[in-house]
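These protein sequence lines are chains A and B, in that order. Position one of the first sequence corresponds to residue 848 (this note's numbering), numbered consecutively onward. Position one of the second sequence corresponds to residue 35 (this note's numbering), numbered consecutively onward. Backbone N, C-alpha and C define an ideal beta-carbon position, used for all residues, glycine too. Nothing here was measured: the structure is a model prediction, and the numbers come from that model. As structure tokens, the structure follows; a few thoughts come after it.
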Amino acid sequence: MAELNPLRWWRSLLAAPNTSPLKTLVVALMVALVCAVVVSVTAVTLRPLQQANLAAERQARMQEMLANLPGVEDLISGAGGGSLDVVLVDLDTGEPVENMDPATFDQRAAAADPATSREIPEEADIARLKRRSNFAPVIAVRRAGELALLVLPVHGAGYESQLYGYLAIEGDLNTIAALTFYEHGETPGIGARIADPEWEQLWPGTEIADAEGNLRVEVVRGRATEPYQVAGLTGATRTSTGVSNLVRFWLGEYGFGPFLERLKSGEIKL
Amino acid sequence: MRRYYDLVLRPLIDENPITLQILGICSALAVTTSVSTALTMSVAVTVTVVLSSAAVSLIRNHIPPSIRMIVQITIVASLVIVIDQFLKAYAFEMSKQLSIYVFLIVTNCMVMGRIEAFAMRNPVGPSVLDALGNSLGYSLVLLIVGSIRELFGTGNLLGYSVFPTVADGGWFEPLSLMLLAPSAFFIIGVLIWLIRALRPAQIEEPDFALVAEHEEARS
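Written as structure tokens, this is what we have:
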């Protein structure tokens, strides 16, 4: 006879042998339910804190990079009469996007959503991204009305993780001013040296393309012999290659290439 | 009373989960590059083992044998997710360094080992003490390995310079090998050797005797 009093039903269930199929089912469900509630409550209540942490990290790396560049500190503090703007760029056309707020744009979420991203053809996908967002935020630093610095967010595959960083280009659009990584999971002491100041300081002054406009910048093994080259990290060949590829990808046709072209030719002004 | 002390104290050296039971080695290799990561991992593992032992012990009489492991893993995994969320919210820098190793606490053999061997058969109180003892034993080894690796790998301890390195104008040339996983193997190996030299009772009987080749040929 089915028991209708829930309390008594519960007691009879607890008294049932552990091998009973009904009890097995009920115990499994109860454990799953309690665990699910505990996990979701923590995740939801802690989410605002976690997102604030992530945003602070991005901000800190950006500030740090900008602060290390000559002359930019004055700009940020407002003494040099300069300004700092975030512009959203349509990567396919190279045009600035007017009707969206760059502050609320989440590039990672956009890259994961088929509606706001595009697939990269396999042969062009040297940074091994598979997809990239249609839009990307760009930071323009101006000095006395002239573009002094352009900061581009870049990312791509390293040896054992995704590398996320910022690439700063000088106003001539052909000289790298800085490269910094704010998030990666490379081997400590080996690939992780990409975020060390010793390596970051090799980047300023590196030229991007030659006089014919061919993309030449790369990380090489051993010594850098040309102005387009940066010496790779010894023992971290695959991480170095990953950095090389992601820089070339984001400066190329599927990255900020079209945007930089149009800036250079003067079709658009920032 | 003595019995309860034993539950906490014996796993520190005499029944240490890493050096005697050889459990939880994987994370001991991965997170001991510095003292701070080892310390955070120790706290995370201690919280997981203690809470999951308590939870499993609480419902031990009602866990159906057919889904025993699944119930245990569900409880451990949920606790690990909760801990990871807390780390991401309150110790963001640390969570970046520990990355996936926090999730790998689920597969830490020590956690399942204590639950299966002890919490399934004992009341909540002793289970918690046993879990605490074992995680303290685990933490002890992690901290020893972490200190050695950070000191010789970078010249620092907890981020403070102890041996001034050549790069900073001192005399100490950091041993990069110490930052790689194999060095943890060597250090744990030496620890096990030391403990067994001091406590011969821990030396195990070989499962198989060595057979000399010519003897084998004759028989």
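Please list the terminal residues of the continuous alpha helix (DSSP H) segment that includes residue i.
i, result
"B/A13", "Nothing about residue 13 of chain B can be reported from this structure: the residues present for chain B run from 35 to 253 only."
"B/R37", "36-43"
"A/S1112", "1104-1112"
"B/M146", "143-148"
"B/S129", "126-132"
"A/R1151", "Because residue 1151 of chain A is not part of the residues shown, which for chain A are 848 to 1117, the question remains open."
"B/L63", "59-64"
"A/E1045", "1044-1047"
Using three-state DSSP, classify residue i as helix, strand or coil.
i, result
"A/V934", "strand"
"B/L191", "strand"
"A/T866", "coil"
"B/T80", "helix"
"A/L1080", "coil"
"A/T1006", "This sequence places Tyr at residue 1006 of chain A; Thr is not what is there. In the structure shown, A/Y1006 sits in coil (DSSP, three-state: anything other than H, G, I, E or B)."
"A/R979", "strand"
"B/T199", "strand"
"A/E1017", "strand"
"A/V944", "strand"
"B/Y172", "helix"
"B/V179", "helix"
"A/P949", "helix"
"A/E993", "strand"
"A/G1036", "coil"
"A/Y1101", "coil"
"B/F242", "coil"
"B/Y135", "helix"
"A/P1074", "coil"
"A/L901", "helix"
"B/G167", "helix"
"A/L851", "coil"
Compare the C-beta of residue i against all C-beta atoms of chain B and say whether one is closer than 8 Å.
i, result
"A/L893", "yes"
"A/T1084", "no"
"A/T1022", "no"
"A/V885", "yes"
"A/L861", "yes"
"A/A879", "yes"
"A/A1004", "no"
"A/T963", "no"
"A/T940", "no"
"A/A890", "yes"
"A/N900", "yes"
Give the interface partners of residue i over in chain A, defined as CB-CB distance under 8 Å, in chain order.
i, result
"B/S100", "T866, T871"
Mind pulling the chain B residues with CB within less than 7 Å of residue i?
i, result
"A/Q897", "K122, A123"
"A/A956", "Under the 7 Å cutoff, chain B gives no residues; its nearest Cβ is about 17 Å from A/A956."
So, is the C-beta of residue i closer than 8 Å to a C-beta in chain A?
i, result
"B/L213", "yes"
Give the interface partners of residue i over in chain B, defined as CB-CB distance under 9 Å, in chain order.
i, result
"A/E904", "F126, E127, K130"
For the beta strand (DSSP E) containing residue i, list its first residue and its last residue.
i, result
"A/A983", "982-990"
"A/F1028", "1023-1030"
"A/E1054", "A/E1054 -> no beta strand (DSSP E), and no H or E assigned at all."
"A/V1066", "1065-1067"
"A/E966", "964-966"
At 9 Å on the CB atoms, spell out the chain A contacts of residue i, in chain order.
i, result
"B/S161", "Chain A residues near B/S161: none, gap ~17 Å exceeds 9 Å."
"B/S210", "G1036, I1037, G1082"
Beta carbon of residue i: closer than 7 Å to some heavy atom of the ligand NAD?
i, result
"A/N1061", "Inclusion of the ligand NAD in the displayed structure is not the case, the ligand content being empty and no account of it being possible."
Which bits of chain B does residue i rub up against, with CB to CB less than 8 Å?
i, result
"A/T951", "Residues of chain B passing the Cβ test: none, with the nearest at roughly 22 Å."
"A/V874", "I93, H96, I97, P98, I101, V105"
Between residue i and chain C, is there a C-beta pair that is closer than 8 Å?
i, result
"B/T67", "Among the protein chains of the structure shown, namely A and B, there is no chain C."
Report task. Identify each residue in the region 216-246 of chain B for which the Cβ-Cβ distance to at least one residue of chain A is less than 7 Å, and report them in chain order. Result -> If the cut-off is 7 Å between Cβ atoms, the region 216-246 of chain B has nothing near chain A.
Query raised in the report: Listed from N- to C-terminal order along the chain, which residues in the region 1028-1039 of chain A have their beta-carbon within a distance smaller than 7 Å of any beta-carbon of chain B?
Result: Cβ proximity to chain B below 7 Å picks out G1032, P1035, G1036 from the region 1028-1039 of chain A.
Query - Interface positions of the region 82-116 of chain B facing chain A (Cβ-Cβ less than 7 Å), listed along the chain - result: Listed by position along the chain: H96, I97, P98, P99, S100, I101, V105, T108, I109, S112, I115, V116.
Query raised in the report: Can you list, in chain order, the residues of the region 52-67 of chain B whose Cβ is nearer than 9 Å to any Cβ on chain A?
Result: Residues are counted here when their Cβ sits less than 9 Å from a Cβ of chain A; for the region 52-67 of chain B these are T67, given in chain order.
Report task. With 8 Å as the limit, tell me which residues of the region 1064-1076 of chain A have their beta carbon closer than that to any beta carbon of chain B; keep them in chain order. Result -> Against chain B - using a Cβ distance shorter than 8 Å - the region 1064-1076 of chain A contributes no residues.
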